[in-house]
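In the numbering used here, the protein residues as written are 39 to 344. Below is one structure, written out as structure tokens; comments come after it.
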Ligand code: GLU
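Here it is, written out as structure tokens:
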């Protein structure tokens, strides 16, 4: 790749960061730093009402505690941190996402959708479903509102709606730098997806694309549960005419039952380990062992793993 690699750490303060988040952060940090790249810390706090105000400063404290650093973004709970791509907190970037929605609406690439979750489930499970029924991530949007134009919002003033992106048709192909070649018919397997709300509040798909582009991110390292989202995000890159970053999707940490780490596996919050006197080197050592980078457990630091 030409130019400086720019990676990012993008915690969502919907709760405490746990061991699984730590491994993805560590890999993202190592990937960028091993290529002498830069790192940006961005706080992804648009997922209201799940956001917990205390979780922003705790996530920052967790990252510092683990020994990970970054070149741009808040270093404490100073969400107004200055920098060439400030602000680094999504709820302070809402105006920018509204611009994106405006462009999408002007091109009629999005339409206002008044369907509730229940409507979608019902339509998708109907025997003569207009849509494709069950897809990769639950019911595929059956297209009920797709005949609307973006300009039809004017007739919907009293109704609540979400903006849905009209998927491009046909199979899409791309290469994940960790998982290899990817192929999917997005319209059939995922369906038209939400990019924003009536009031202009963005959905994750739109916010993350606009931020990664605006912040000059060239390398996205994140959990492989987001591969379906990457297909959606690539359509947004294509719409805006922006070059997508390299994607590296890495496996999530799983419990002994092989399932994604969750509360039922015990308390794996980083803050709990910290309070109990576990050292960050122990955590990093365990994560390194789980990735096969060391053969036997030993405490280590991110710097050492570089
Ligand atoms: N904020 C998301 C998370 O904490 C990551 C999204 C992304 O990396 O695109 O899981």
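A virtual CB, placed ideally from N, CA and C, is assigned to each residue, including glycine. Owing to the predicted nature of the structure, the values given are computational and were not obtained by experimental measurement.
- Residue environment analysis places residue 179 among the buried positions, since at least 16 neighbouring C-beta atoms fall within 10 angstroms of its C-beta.
- The nearest non-hydrogen atom of the ligand GLU is 7 angstroms or more from the C-beta of residue 244.
- In the DSSP assignment, the residues bridged to residue 298 are 292.
- In its chain, beyond the 5 residues on either side, 293 have a beta carbon closer than 7 angstroms to the beta carbon of residue 303.
- When Cβ pairs closer than 8 angstroms are counted between the two stretches, the segment 317-329 is seen not to touch the segment 244-260, the count staying below three.
- In the three-state reduction of the DSSP assignment, residue 234 falls in the strand class.
- Distance from the CA of residue 45 to the CA of residue 282, rounded to the nearest whole angstrom, comes to 13 angstroms.
- Taking the Cβ of residue 264 as the reference point, at least one heavy atom of the ligand GLU falls within a distance shorter than 7 angstroms.
- Going by C-alpha positions, residue 79 is about 23 angstroms away from residue 317.
- With contacts defined as CB atoms closer than 8 angstroms, residue 103 and residue 77 fail to qualify as a contacting pair.
- Rounded to whole angstroms, the gap between the alpha carbons of residue 287 and residue 57 is 17 angstroms.
- Distance between residue 197 and residue 149, taken at the CA atoms: about 14 angstroms.
- For residue 57, the enclosing alpha helix (DSSP H) has its first and last residue at 57-72.
- Contiguous beta strand (DSSP E) elements confined to the segment 109-182 occur at 148-151, taking only those with 3 or more residues.
- Between the ligand GLU and residue 48, a heavy atom-to-CB distance of less than 7 angstroms is present.
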